[in-house]
Amino acid sequence: MFESSYPLVFLAWFLGGFINGVSGMGAAMVALPIVACVLEMSEAVPATCLVAVTLAVYVAWMYRAHSRVAPIFPMLLGCIPGLIIGVCVLRVVPGIWLQGGLGAALIVYVAWQLLHRAGTAHPESVRGCAVSGFASGFANAAISFSGPPVAIYALYVGWDKDTTRGTLSLYFLGISICTCIVQAAAGLYTPVVVKAALWGMPGALVGLVVSLPVARFVRESVFQGILLVMIAFAGSVCIIRAVESLL
33 MFESSYPLVF LAWFLGGFIN GVSGMGAAMV ALPIVACVLE MSEAVPATCL
83 VAVTLAVYVA WMYRAHSRVA PIFPMLLGCI PGLIIGVCVL RVVPGIWLQG
133 GLGAALIVYV AWQLLHRAGT AHPESVRGCA VSGFASGFAN AAISFSGPPV
183 AIYALYVGWD KDTTRGTLSL YFLGISICTC IVQAAAGLYT PVVVKAALWG
233 MPGALVGLVV SLPVARFVRE SVFQGILLVM IAFAGSVCII RAVESLL
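Last residue of the sequence shown? That's 279 in this note's numbering, and every number before it is there in order.
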């Protein structure tokens with residue numbers, strides 16, 4: 033990796049941090065494709081996880097008064113079998129099928145939400161948290177996107193914007209720490225990876241800080257729309273990846 037490429041890593045995470053600050057998710061979805069332009073995926077992915085931990089810690093602390101701890105444990109417990117099954121399915125089902133199928137499911141969900149915006153919030157439940165965690169773990173193993181399923185749960189139960197940002201950050205922090213431990217044990221943190229992460233961390237935090245005035249004045253209805261846009265974006269990226277693999 034050329035030294036001149038590191039500012040691009042900073043910029044990528046600046047954009048990711050800004051999007052995450054406004055929507056509560058999506059930092060890696062935005063930053064990783066850009067970082068992958070100058071790093072091998074074997075380097076970009078572990079660098080992304082290191083930056084994600086830093087970002088999640090900051091956001092979780094910032095919204096600690098609004099975070100809900102109770103849903104986190106069943107989400108993380110559901111995530112573990114989701115990860116295992118996702119890896120197993122990935123061994124027997126072509127990745128492009130999984131990306132295309134899950135991407136289409138996300139697009140269908142967004143379309144359904146747009147046609148049924150009059151629906152009321154549903155009560156929280158341990159089962160719902162576990163199911164969303166399972167889906168998140170499965171999606172993370174299959175297509176590297178863990179955010180959309182738990183964002184769907186946030187919309188389902190009607191969390192306000194600050195609760196969503198804080199609670200999702202706690203969940204992402206738990207996943208990211210576990211992932212980093214596994215990656216460290218596998219020896220993935222090379223000097224290039226660590227240096228890229230050290231450029232990405234300040235970029236993400238600056239982007240987050242810049243987003244705060246925007247995030248503060250976003251209305252609840254607009255915030256829900258932003259979450260739907262991020263879910264649709266994730267679905268679109270999955271479909272595009274699947275189509276590109278077929279060409």
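All C-beta atoms in this analysis are idealised placements derived from N, C-alpha and C, irrespective of residue type, glycine included.
A Cβ-Cβ separation of about 14 Å leaves VAL54 out of contact with SER253 under the 8 Å criterion.
In the three-state reduction of the DSSP assignment, TRP191 falls in the coil class.
Taking C-beta separations shorter than 7 Å and ignoring five residues to either side along the sequence, the partners of LYS193 in its chain run VAL250, GLU252, PHE255, following chain order. Scanning its chain for C-beta atoms nearer than 7 Å, with the 5 sequence neighbours on each side dropped, one finds around TYR90 the residues LEU237, LEU240, in chain order. Along the length of the segment 110 to 184, whole alpha helix (DSSP H) runs at least 4 residues long occupy 127 to 147, 158 to 175, reported in chain order. Restricting attention to GLN131, VAL125, TYR95, GLY165, the CA atom closest to the CA of LEU115 is found in GLY165. Cβ neighbours of LEU47 within its own chain (closer than 8 Å, five residues either side excluded): VAL62, ALA63, ILE66, GLY239. Counted as a single uninterrupted DSSP element, the alpha helix (DSSP H) harbouring GLU75 occupies residues 73 to 94. Listed in chain order, the alpha helix (DSSP H) runs fully inside the segment 192 to 231 are 193 to 217, counting runs of at least 4 residues.
One thing to note: LEU260 has its Cβ no nearer than 7 Å to the Cβ of VAL124. Annotated three-state conformation of MET57 is coil, per DSSP.
Between ILE263 and ALA183 a beta carbon distance of about 6 Å is seen, short of the 8 Å cut, so the two are scored as contacting. Using a 10 angstroms sphere on the CB of LEU278, the tally of other CB atoms stays under 16, which defines it as exposed. Counting C-beta pairs with one atom in each stretch, the segment 74 to 83 and the segment 94 to 111 have fewer than three that are closer than 8 Å, which means they do not touch. Inter-residue distance for PRO39 and VAL158 is about 43 Å (C-alpha atoms, whole angstroms). Per the C-alpha coordinates, the member of MET57, CYS270, ASN52 positioned closest to ILE139 is CYS270. A direct Cα-Cα distance of roughly 28 Å separates ILE258 from CYS210.
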